[in-house]
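**Q**
In mature numbering (1 follows the signal peptide of the UniProt record, and there is no 0), the protein residues as written are -21 to -1, 1 to 576.
1) In the structure shown, what three-state DSSP assignment does residue 173 receive?
2) Could you check whether residue 10 and residue 71 sit closer than 8 Å to each other, using their CB atoms as the reference points?
3) What's the gap between the Cα of residue 541 and the Cα of residue 373?
4) Evaluate residue 42 with the Cβ neighbour count: other Cβ atoms within 10 Å of its Cβ, from every protein chain shown; 16 or more gives buried, anything less gives exposed.
5) Going residue by residue through the segment 123 to 149, where are the continuous beta strand (DSSP E) segments of at least 3 residues, counting only ones entirely within it?
6) Alpha carbons only, please: which of 526, 91, 119 and 167 is nearest the one belonging to residue 130?
7) What beta strand (DSSP E) runs, 3 residues minimum, are completely inside the segment 181 to 225?
8) At a Cβ threshold of 8 Å, is residue 563 touching chain E?
9) Is the number of C-beta pairs between the segment 72 to 80 and the segment 121 to 136 that are closer than 8 Å three or more?
10) Shortest alpha-carbon distance to residue 152 belongs to which of 97, 550, 180 and 49?
11) Under 6 Å Cβ to Cβ from residue 1, same chain only, skipping five residues before and after it: list those, please.
12) Which residues in the same chain as residue 488 place their Cβ atom closer than 7 Å to its Cβ, once the five residues preceding and following it in sequence are excluded?
13) For residue 244 and residue 266, which I take to be in contact (beta-carbon distance under 8 Å), what is that distance rounded to the nearest angstrom?
14) Looking only at its own chain, which residues have a Cβ that is under 7 Å from the Cβ of residue 563, when we skip the five neighbours before and after it?
15) In angstroms, rounded to a whole number, what distance separates the CA positions of residue 322 and residue 209?
16) Indicate whether the contact test is met: 3 or more Cβ pairs, each with one atom in the segment 530 to 547 and one in the segment 426 to 439, closer than 8 Å.
17) Please return the same chain residues whose Cβ sits closer than 6 Å to the Cβ of residue 519, not counting the five positions on each side in sequence.
18) Starting from residue 569 and walking both ways along the alpha helix (DSSP H), at which residues does that stretch end?
19) For the alpha helix (DSSP H) that contains residue 154, what are its first and last residues?
20) If the criterion is Cβ atoms closer than 8 Å, does the pair residue 40 and residue 100 meet it?
21) Rounded to a whole number of angstroms, what is the C-alpha to C-alpha distance between residue 150 and residue 51?
22) Measure the C-alpha to C-alpha separation of residue 410 and residue 497 and round it to an integer number of angstroms.
23) Roughly how far, in whole angstroms, is the beta-carbon of residue 456 from the beta-carbon of residue 446, given that I think they are within contact range, below 8 Å?
24) For residue 599, does the count of other Cβ atoms within 10 angstroms reach 16, so buried, or fall short, so exposed?
25) Go ahead and pull the three-state DSSP assignment for residue 94.
26) Residues in its own chain within less than 8 Å of residue 548 by CB, not counting five upstream and five downstream?
27) Across which residues does DSSP place residue 468 in a beta bridge pair?
28) Should residue 247 and residue 177 be called a contact, given that it needs their Cβ atoms to be closer than 8 Å?
29) Check this for me: beta carbons of residue 579 and residue 252, under 8 Å apart or not?
30) Counting only the same chain and skipping the five closest in sequence on each side, list residues whose C-beta sits under 6 Å from that of residue 38.
31) Determine the closest residue to residue 494 out of 515, 14, 484 and 475, with distance taken between C-alpha atoms.
32) For residue 288, which of helix, strand or coil comes out of DSSP?
33) Could you tell me the boundaries of the alpha helix (DSSP H) in which residue 252 lies?
34) Would you decide whether residue 118 is buried or exposed? Buried here means 16 or more other CB atoms lie within 10 Å of its CB.
35) Excluding sequence positions up to five away, which residues of its chain have a Cβ less than 6 Å from the Cβ of residue 482?
36) What residue range does the beta strand (DSSP E) around residue 13 cover?
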């Protein structure tokens, strides 16, 4: 409870002075007059060109034209003089003195009113607290000098400080004064308070020239030093004492320092300079555990709508040069997985990566050419054709060097919520064949042959339909087959021989395209092909072995389709798009159909 009160005093309180004429028992001069407080401990916002900062000492410089500290008359902003102490003292009073001068004709340049701020021993390094009046506002003190030019301001008892600042306010000619501090030594064993945990990062120049940096997060403060201890895999490898002007410690490392997934961290403990050698240290503060990793820049979860625009997963390598190629593997896990309820259940992906030929994962390479920038991975909600409500997924980024996962502990994850916006867009070719485009335009295809039903403009995916006469030479045309291309692989379905069931043929060039899935239902009466994008072709056997076709596009198909299924963009007026990009009119239907033969 006492510590909490002290911290509250440090961070938010003010100190109310008491002006009185007598000093307390703790009332010794602390060393401005006799030189125990050294010149390096005196600091000011500015110093007039005709004097030195040491002129601020009590009873100093009686042989000078102006024997006192004075700020530069041309300096802008608040002007102040402060005394910085090597370790805290009990401060009981301030003793101000008018300047010594040999000029008896002009008014003596004198500080008349001023403010006082102190850095309490209980405050974080560098934090000043301003003395206030009974109303809680900063108090402007009036220096009522005695006949011999001295003024004493007594302070509250038990005011333990490590820095004192006098800020000038009103003055005569110039705000000049001399100063002494009164008080006594503070109790032994005091240590700096308010120390924050440090942060470890990597300063990388090459594989043979890099350092880990343990960075202090407190402001530098006169007389406060830090003992820094480095640990690798929890083993002490180095201890160093920083000066009060150093804000970081460095540890030389090489690539072998990380080859076995070693972890590194630092610990700090603060001390007052006179006490450091004796080991009078504050409580230890520990840094983060450092490991090479990417930095995920997304600060919030991602919200997507099915059929809506993509969002981006943004990351950087943290500004470090790369001498090798690093693969960032990004994959999706849905929670929970949505599955079709059937004899052959299948998972419906909620998210896909539109720049990848595989919908559920994506590789990004970080190389010498692109390590400086931010990498962005687009992610899109899969329009899966199911009214599945809002779903949640997790995207995980894993770093690989070659085939090895590097520091799996540094995997980054981001949550994605998908809002269901399915409209059940579908293109179907039903015998005679009657064709309905994605956007709802209907027409009949009355010529035999092989036709492009669907083709993606940029990805290697395509569906073709085979039309033949349904029964006799004079009959309409019907679907009797279909082919699905994914990359270099083709799945062919034939039912063009009367009385025969649908036959399936697979033509693969090496390994089958990842993400291409073929499913068989009801003894071969129905088939379903899922492309890596999530788009689906459904085939069902009809009359006399002929076939009905339904093609369900994915979000990656929006504004990206060609063929008899038309332009999937929500506008049926442009569905008769020809192979050259022109739009056929309704009276030019045969020209449009022939274009895709």
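All C-beta atoms in this analysis are idealised placements derived from N, C-alpha and C, irrespective of residue type, glycine included.
As the structure is a computational prediction, the values presented were derived from the model and not from experiment.
**A** According to the structure data:
1) Residue mapping note: residue 173 aligns to position 194 of the chain shown, counting from 1. Residue 173: coil per DSSP, three-state reduction.
2) In the chain shown, counting from the first residue as 1, residue 71 sits at position 92. In the chain shown, counting from the first residue as 1, residue 10 sits at position 31. Taking 8 Å as the Cβ cut-off, residue 71 and residue 10 do not qualify as a contacting pair.
3) For the purposes of this step, residue 541 is taken as the residue at position 562 of the chain shown. For the purposes of this step, residue 373 is taken as the residue at position 394 of the chain shown. Each residue's alpha carbon lies about 33 Å from the other.
4) Position 63 of the chain shown, counting from 1, holds the residue named residue 42. Exposed, by the Cβ-count rule.
5) Every beta strand (DSSP E) of 3 residues or more that sits fully in the segment 123 to 149 is shown, in chain order, as 129 to 133 and 139 to 147.
6) Counting from 1 along the chain shown, the entry for residue 130 is found at position 151. It is 91.
7) Entirely contained in the segment 181 to 225, the beta strand (DSSP E) runs reaching 3 residues are, in chain order, 188 to 194, 203 to 211 and 214 to 220.
8) The question asks about chain E, but that chain is absent: this structure has only one protein chain.
9) Touching, yes, given that three or more Cβ pairs across the two stretches are closer than 8 Å.
10) The residue given as residue 152 occupies position 173 in the chain shown. Residue 49 is the option with its Cα nearest to residue 152.
11) Looking up residue 1 in the chain shown gives position 22. For residue 1, the predicted model reports a pLDDT of 40, less than 50, meaning its position is unreliable; a value from the coordinates is still stated below. Excluding sequence neighbours, residue 1 sits near nothing in its chain.
12) The count along the chain shown starts at 1 and reaches residue 488 at position 509. Excluding positions up to five away in sequence, the list reads 467 and 468.
13) Looking up residue 244 in the chain shown gives position 265. Looking up residue 266 in the chain shown gives position 287. That belief holds up - the Cβ atoms of residue 244 and residue 266 are roughly 5 Å apart, short of 8 Å.
14) Taking the chain shown and counting its residues from 1, the one referred to as residue 563 is at position 584. So the qualifying residues of the chain are 555, 557, 570 and 571.
15) Counting from 1 along the chain shown, the entry for residue 322 is found at position 343. Counting from 1 along the chain shown, the entry for residue 209 is found at position 230. Summary for residue 322: the model assigns pLDDT 38, below 50, so the residue's position carries little reliability, and this model does not support an answer.
16) Short answer: they touch.
17) Your numbering for residue 519 matches position 540 in the chain shown. Counting only residues of its own chain and dropping the five nearest sequence neighbours on each side, residue 519 has a CB closer than 6 Å to the CB of 505 and 527.
18) As a working mapping, residue 569 is identified with position 590 in the chain shown. Here the alpha helix (DSSP H) through residue 569 covers 568 to 574.
19) Here residue 154 corresponds to residue number 175 of the chain shown, with the count starting at 1. Per DSSP, residue 154 belongs to no alpha helix (DSSP H) and is neither H nor E.
20) Taking the first residue of the chain shown as 1, we reach residue 40 at position 61. Taking the first residue of the chain shown as 1, we reach residue 100 at position 121. One thing to note: residue 40 has its Cβ no nearer than 8 Å to the Cβ of residue 100.
21) On the chain shown, residue 150 is found 171 positions in, with the first residue counted as 1. On the chain shown, residue 51 is found 72 positions in, with the first residue counted as 1. Between residue 150 and residue 51, the C-alpha separation is close to 14 Å.
22) Taking the first residue of the chain shown as 1, we reach residue 410 at position 431. Taking the first residue of the chain shown as 1, we reach residue 497 at position 518. When rounded, the distance between both Cα atoms is 23 Å.
23) Counting from 1 along the chain shown, the entry for residue 456 is found at position 477. Counting from 1 along the chain shown, the entry for residue 446 is found at position 467. Contact holds; Cβ gap of about 4 Å.
24) The requested residue 599 does not occur in the structure, where the chain is confined to residues -21 to 576.
25) In the chain shown, counting from the first residue as 1, residue 94 sits at position 115. The three-state secondary structure of residue 94, taken from DSSP, is strand.
26) On the chain shown, position 569 is the one that residue 548 refers to. Result list for residue 548: 418, 537 and 538, in chain order.
27) Against the chain shown, residue 468 aligns to sequence position 489. Its beta-bridge partners are 465.
28) As a first step, residue 247 must be located in the chain shown, where it is residue number 268. As a first step, residue 177 must be located in the chain shown, where it is residue number 198. Their beta carbons are under 8 Å apart, which means residue 247 touches residue 177 by this criterion.
29) Since the first residue shown for the chain is -21 and the last is 576, residue 579 is missing from the structure and cannot be characterised.
30) As a position in the chain shown, residue 38 is number 59, starting the count at 1. The answer, listed in chain order, is 12.
31) Position 515 of the chain shown holds residue 494. Here the closest residue by C-alpha is 515.
32) One-based indexing of the chain shown puts residue 288 at position 309. Of the three classes helix, strand and coil, the one that applies to residue 288 here is coil, per DSSP.
33) One-based indexing of the chain shown puts residue 252 at position 273. Run containing residue 252: 252 to 255, per the alpha helix (DSSP H) assignment.
34) Indexing the chain shown from 1 puts residue 118 at position 139. Buried, by the Cβ-count rule.
35) Reading the chain shown from its first residue, position 503 is the one you call residue 482. 473, listed in sequence order.
36) If you number the chain shown from 1, residue 13 lands on position 34. Going by DSSP, residue 13 is part of no beta strand (DSSP E) at all; its letter is neither H nor E.
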